[in-house]
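Novice: Below are the structure tokens for one structure; questions will follow.
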Amino acid sequence: MVGKIRPHTIIALVEDRPGVLNKIASKWRQRGFNIESLAVGHSEQPGLSRMTFVVDADTNAEQVVRQLDKLVDVVDIRDISHEDIVARELAMIKIRADKQTRSQIIEIADIFHAEIVDVEPDSIIIEATGDEQKIDTMVGLLRDYEIIELVRSGRVAMLRGPDVSHPHPRLDDEPDEQYDRYPGPHTW
Amino acid sequence: MTEEKLYTGAQMVMEAFLREGVDTIFGLPGGANLPLYDVLENGGVGIQPLPAGVEPKIYPIKHYLVKHEQCAAHAADAYSRVTGKAGVCYGTSGPGATNLVTGIANACMDSIPLVCVTGQVISALLGRDGFQEADIQGITIPITKHSELVLDVNEIPRAMQEAFHIATTGRPGPVLVDIPRDVLQKTGPFYWADKVELRGYKPRLTPDPNEVAKAVELIQQSKKPIILSGHGVIISHAYEEVRELAEKANIPVITTLLGISGFPGTHPLYLGMPGMHGMYWNNIAISEADLLIGVGMRFDDRVTGRLKDFAPRAKIIHLEIDPAEIGKNVRPTATLQGDARASLRALNKLVSHKERPDWFSWLDELKRAHPSILIRDTQEVLPQYVIREIYEATKGDCYIATGVGQHQMWAAQYFWYDKPNSFITSGGLGTMGFEVPAAMGAQVAAPGETVWSICGDGGFMMTLQELATIAEYDWPIKFAIINNNNLGMVRQWQQLFYENNTVATPLKNPDFVKLAEAFGIKGLRAERKEEVRAVIDEAMNHPGPVVIDFQVKYDENCYPMVPPGASLDETIDQPAWEPEKALVG
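This is how it looks when you write it as structure tokens:
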């Protein structure tokens, strides 16, 4: 990431219904938005999921937000790239390890405060949490050994401080003006 | 509101229609949507014996049987354009649903509220490639405002109520509700909410007062302003409001293709259409203007030409309901996000009259120097002449439905729309064949009115099977086929940009008169100029539907034209005719 323009971090609160991810992915594809990572799971509110996704720096983040906000299932969405946020990613790395290399690998994991979550006679799984740069650096060091498998969760992010990153949706918000759905005959 | 009574899923759909004021459906039955038909005519419920608690009920809803589902969607689309209400169409599962796709995409591009109810294969077969199964909910995701597959009969009332709410509010658009046949036959109580509450959907309708003040300031300062009046003016019924702004602030008005008939066609402040086939003076004026007020329009590429050179001297005020359209193509200086009518009202309260003699005399001079819509005085039957004669015969007191291509552009250029909302055309998607079903929907929506369908010969061939529907219901639509025996607009592009390599554009058309007669419809033909007015009058005097085959010049081109990729100030005007031979339009 060093020296590159930072990608955009966008968080969304979406209805937890079948087909919602399909609709969101369809917009990305249709509008040509380049998605670098996506993480989704339950939020603190029942029936709502929270998504974090990262779009590359070249993508027009304002259009991403506005196009996705058109989806009825997207309750709230915002670009938090320029906010004070905590952003983390989880990675699991399975490495070939024997008597000679095991202690060296554990030493690297220790430097990055990563945990050893599985040890077998000839392999080891490291679980690391942090920002992408930290994980990139650790993976880079581990490339001296044989990486059997690498999986990354994609970024999850939230605002620092006491406020919820999305204003909780309220159903009783009145529209700002009563709206006549069928305004009657067409006349000059 | 919940009642003890039980309803079948199909009855619930009908109950929803009743509450939404739906009395017209266009569709075609099939295995999967038969319960929706069974309940239409005889109040049956599609299941024998009748489940306990369910009563047969007759619903006062008229269904029009089309011959192809695409035309059900287009007819419902045009019905919606004319009435302002949501259009409703039916299709069965699989091919019935996929046939709707073009019509749904057309409605989506033009912001038309449609509610499309499709039958689906029974729940047990879903996802198992059952006979006539197609994932229509998935297929239509990118071309609907919302889509839902309803798997529980108890969800039908909610889904239907939300469908109408979403389709008709904010920026309107099509909504698809897909219901498996067995769900339509199951029973449950019917409920209807007083108010639809969707936490992810709250269209904003009134503009930010700060932006209104900024816009008023820009208007007051402007020496060379133009109003670009779009489809949003028609959708929100802001006719009076846009005229008030124009007259009060003294600003000339250009309408986009879909904005035509949103402003009186013979109003002294009216300048016509801009863009690829817009008036030369409009394109030059936009390049010269210091302020553009875009009302309910989206700065589409056919309007702007090469975007980076669009309106280089102008600040932009954008009145737009859809936030995603704001800043998508152009950067406005002031943004009135909200309903066009509400935004215009806010502006009208604050703007004041300003004389702009230099600007108007400059425009008049430009119009004199480049009279874009002259009709040559020739013995050939020119398509523009045919359209002008239809205008002369009707005096504009009719609905005009068009397809897509040269005839559409000429219908936009050579007809004066003094009747509000009288121009029914496929703008965004550009769907050839729209002219036939659109005329049907318009005629159903306005039964006592005259409907002219200005057709291309290519487009007419795409949907002419509906002549059977038109004959069956005896809709007195007048079809004017502008028949140049080729795909005119494509041929024009081949001539201008592909070294006249006219591959696949000549058409071997049938005898349209005999074809009409085969459907039991009156057929007429005009091959010479002096016959044109006579057949128009004859068609107008005939009480039923008429198909007229106007044999027009083969290779007439549509001008003015902005070549694809060029900027507006590179507009090619009508080639200079010898002025003494021209009839000034």
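Chain order of the listed sequences is G and R.
Be aware that the first sequence starts at 20, since it is given in our numbering, and climbs by one per residue.
Be aware that the second sequence starts at 925, since it is given in our numbering, and climbs by one per residue.
Each residue gets a CB set at the ideal place from its N, CA and C atoms; glycine is no exception.
All values derive from a computational prediction rather than experimental measurement.
May I ask you to report which of helix, strand or coil DSSP gives A1404 of chain R?
Specialist: Residue 1404 of chain R sits at position 480 when you count from the first residue of the second sequence. Three-state result, A1404 of chain R: strand.
Novice: So with Cβ pairs under 7 angstroms, would you call M177 of chain G a contact of chain R?
Specialist: As a first step, residue 177 of chain G is located in the first sequence; it is residue number 158 there, counting from the start. No, no contact with chain R.
Novice: Using a Cβ-Cβ cutoff of 8 angstroms, what residues of the segment 1119–1131 of chain R are near chain G? List them in chain order.
Specialist: Answer set for the segment 1119–1131 of chain R: E1121, L1122, R1123, G1124, Y1125, K1126, P1127, R1128, L1129 and T1130.
Novice: Let me check one thing: in DSSP terms, what residues is R69 of chain G bridge-paired to?
Specialist: Within the first sequence, residue 69 of chain G is the residue found at index 50, counting from 1. DSSP, once it has assigned bridges, lists G:L32 and G:G60 as partnering R69 of chain G.
Novice: Where does the unbroken beta strand (DSSP E) through W1399 of chain R begin, and where does it stop?
Specialist: In the second sequence, residue 1399 of chain R corresponds to position 475, counting from 1. Careful: W1399 of chain R lies outside any beta strand (DSSP E) and carries neither H nor E.
Novice: Q1144 of chain R to K1278 of chain R, Cα distance in whole Å?
Specialist: Within the second sequence, residue 1144 of chain R is the residue found at index 220, counting from 1. Within the second sequence, residue 1278 of chain R is the residue found at index 354, counting from 1. Cα-Cα distance, rounded: 7 angstroms.
Novice: What separation, rounded to the nearest whole angstrom, lies between the Cα atoms of A58 of chain G and V105 of chain G?
Specialist: Start at 1 with the first residue of the first sequence, and residue 58 of chain G comes out as number 39. Start at 1 with the first residue of the first sequence, and residue 105 of chain G comes out as number 86. Cα-Cα distance, rounded: 15 angstroms.
Novice: Exposed or buried, S1276 of chain R, counting other C-beta atoms within 10 Å across all chains shown (16 or more means buried)?
Specialist: Counting from 1 along the second sequence, the entry for residue 1276 of chain R is found at position 352. The residue in question, S1276 of chain R, is exposed, as its Cβ has fewer than 16 Cβ neighbours within 10 Å.
Novice: In whole angstroms, what separates the C-alpha of Y1194 of chain R from that of Y1341 of chain R?
Specialist: Looking up residue 1194 of chain R in the second sequence gives position 270. Looking up residue 1341 of chain R in the second sequence gives position 417. Answer to the nearest angstrom: the Cα atoms are 11 angstroms apart.
Novice: Mind checking the segment 1002–1014 of chain R against chain C and listing, in chain order, the residues whose C-beta falls within less than 9 angstroms of any C-beta there?
Specialist: This model lacks chain C altogether, as its protein chains are G and R.
Novice: For the segment 41–59 of chain G, list every residue whose C-beta sits within 7 angstroms of some C-beta in chain R, in sequence order.
Specialist: Listed in sequence order: N41, K42, S45 and Q49.
Novice: Inspect the beta-carbon positions of F1114 of chain R and M1364 of chain R and report whether they are closer than 7 angstroms.
Specialist: For the purposes of this step, residue 1114 of chain R is taken as residue 190 along the second sequence, with counting starting at 1. For the purposes of this step, residue 1364 of chain R is taken as residue 440 along the second sequence, with counting starting at 1. Result no, Cβ atoms of F1114 of chain R and M1364 of chain R do not sit closer than 7 angstroms.
Novice: Express the C-alpha separation of I1080 of chain R and A934 of chain R in angstroms, rounding to a whole number.
Specialist: Position 10 of the second sequence, counted from the start, is the residue given in the question as residue 934 of chain R. Position 156 of the second sequence, counted from the start, is the residue given in the question as residue 1080 of chain R. Each residue's Cα considered, the two are about 9 angstroms apart.
Novice: Looking at V1476 of chain R and G1447 of chain R, is the spacing between their C-beta atoms short of 7 angstroms?
Specialist: Numbered from 1 along the second sequence, position 523 holds the residue referred to as residue 1447 of chain R. Numbered from 1 along the second sequence, position 552 holds the residue referred to as residue 1476 of chain R. Against a cut-off of 7 angstroms, the Cβ pair of V1476 of chain R and G1447 of chain R comes out as no contact.
Novice: Can you give me, in chain order, the residues of the segment 1325–1353 of chain R that have a beta carbon less than 9 angstroms from any beta carbon in chain G?
Specialist: Of all residues in the segment 1325–1353 of chain R, D1342, K1343, P1344, N1345 and S1346 have a Cβ within less than 9 angstroms of some Cβ in chain G.
Novice: Could you tell me which chain R residues have their CB closer than 7 angstroms to the CB of E81 of chain G, listed as they occur along the chain?
Specialist: Position 62 of the first sequence, counted from the start, is the residue given in the question as residue 81 of chain G. Simply G1251.
Novice: Per the contact definition of three or more C-beta pairs closer than 8 angstroms, is the segment 1020–1040 of chain R in contact with the segment 982–996 of chain R?
Specialist: With the cut-off at 8 angstroms, the segment 982–996 of chain R and the segment 1020–1040 of chain R touch.
Novice: Alpha carbon to alpha carbon, what distance is there between T28 of chain G and V175 of chain G?
Specialist: Taking the first sequence and counting its residues from 1, the one referred to as residue 175 of chain G is at position 156. Taking the first sequence and counting its residues from 1, the one referred to as residue 28 of chain G is at position 9. Cα to Cα, the separation comes out at about 9 angstroms.
Novice: Along the chain, which unbroken stretches of the alpha helix (DSSP H) at least 4 residues long are found entirely within the segment 1410–1446 of chain R?
Specialist: Segments of the alpha helix (DSSP H) lying fully in the segment 1410–1446 of chain R: 1412–1421 and 1436–1442.
Novice: Who are the Cβ neighbours of I1060 of chain R in its own chain at under 6 angstroms, not counting the five residues just before and after it?
Specialist: On the second sequence, position 136 is the one that residue 1060 of chain R refers to. Closer than 6 angstroms at Cβ, skipping near neighbours: A1021, T1042 and D1102.
Novice: Work out the CA separation of Y1483 of chain R and I1208 of chain R for me, nearest whole Å.
Specialist: By 1-based counting over the second sequence, the position of residue 1208 of chain R is 284. By 1-based counting over the second sequence, the position of residue 1483 of chain R is 559. Between I1208 of chain R and Y1483 of chain R, the C-alpha separation is close to 15 angstroms.
Novice: Would you mind reading off the limits of the alpha helix (DSSP H) that contains P1527 of chain R?
Specialist: The requested residue 1527 of chain R is not part of the displayed model; chain R covers only 925 to 1509.
Novice: One question on the structure: do S1267 of chain R and L1243 of chain R come within less than 7 angstroms of each other, judged by their Cβ atoms?
Specialist: As a working note, residue 1267 of chain R is residue 343 in the second sequence. As a working note, residue 1243 of chain R is residue 319 in the second sequence. In this structure, L1243 of chain R lies closer than 7 angstroms to S1267 of chain R by Cβ.
Novice: Report yes or no: is there a C-beta of chain G within less than 7 angstroms of the C-beta of I1080 of chain R?
Specialist: Here residue 1080 of chain R corresponds to residue number 156 of the second sequence, with the count starting at 1. For I1080 of chain R, the answer is no, since every Cβ of chain G falls outside 7 angstroms of its Cβ.
Novice: Please state whether the Cβ-Cβ distance between L974 of chain R and T1111 of chain R is less than 7 angstroms.
Specialist: Mapped onto the second sequence, residue 974 of chain R falls at position 50. Mapped onto the second sequence, residue 1111 of chain R falls at position 187. Going by C-beta atoms, L974 of chain R is not nearer than 7 angstroms to T1111 of chain R.
Novice: For I1297 of chain R, name the three-state secondary structure that DSSP assigns.
Specialist: In the second sequence, residue 1297 of chain R corresponds to position 373, counting from 1. Reduced to three states, the DSSP call for I1297 of chain R is coil.
Novice: Can you confirm whether Q86 of chain G, when its beta carbon is compared against all beta carbons of chain R, has any partner nearer than 7 angstroms?
Specialist: Taking the first sequence and counting its residues from 1, the one referred to as residue 86 of chain G is at position 67. Interface residue, yes.
Novice: For chain G, check one thing: does any of its Cβ atoms lie closer than 7 angstroms to the Cβ of T1092 of chain R?
Specialist: Translated into the one-based positions of the second sequence, residue 1092 of chain R becomes position 168. Yes, T1092 of chain R lies at the interface with chain G (some Cβ there is under 7 angstroms from its Cβ).
Novice: Considering only residues of the same chain and omitting the five flanking positions on each side of V1077 of chain R, which have a CB-CB separation below 6 angstroms?
Specialist: Stepping through the second sequence from its first residue, residue 1077 of chain R is reached at position 153. G933, V1107, K1110 and G1112.
Novice: Please identify the residue among R:P1469, R:G1011, R:E979 and R:F1421 whose C-alpha is closest to the C-alpha of V1486 of chain R.
Specialist: As a first step, residue 1486 of chain R is located in the second sequence; it is residue number 562 there, counting from the start. It is R:F1421.
Novice: Evaluate contact between the segment 1283–1297 of chain R and the segment 1254–1273 of chain R, counting only Cβ atoms and requiring at least three cross-stretch pairs below 8 angstroms.
Specialist: Not touching, per the Cβ criterion.
Novice: With a floor of 3 residues, list each beta strand (DSSP E) that falls wholly inside the segment 1203–1251 of chain R, ordered by position along the chain.
Specialist: Listed in chain order, the complete beta strand (DSSP E) runs (minimum 3 residues) inside the segment 1203–1251 of chain R are 1215–1219 and 1239–1244.
Novice: Name the two residues that bound the continuous beta strand (DSSP E) containing W1376 of chain R.
Specialist: Indexing the second sequence from 1 puts residue 1376 of chain R at position 452. Counting along the chain, the beta strand (DSSP E) containing W1376 of chain R begins and ends at V1375 to G1380.
Novice: Could you tell me if P204 of chain G is buried or exposed, where buried requires 16 or more neighbouring beta carbons within 10 angstroms of its beta carbon?
Specialist: Locating residue 204 of chain G in the first sequence gives position 185, where the first residue counts as 1. By the 10 Å Cβ count, P204 of chain G comes out exposed.
Novice: Would you check if there are 3 or more beta carbon pairs closer than 8 angstroms linking the segment 1178–1186 of chain R to the segment 1151–1159 of chain R?
Specialist: Result yes; three or more Cβ-Cβ pairs closer than 8 angstroms.
Novice: Helix, strand or coil for A116 of chain G? Go by DSSP, reduced to three states.
Specialist: Within the first sequence, residue 116 of chain G is the residue found at index 97, counting from 1. Coil, per DSSP.
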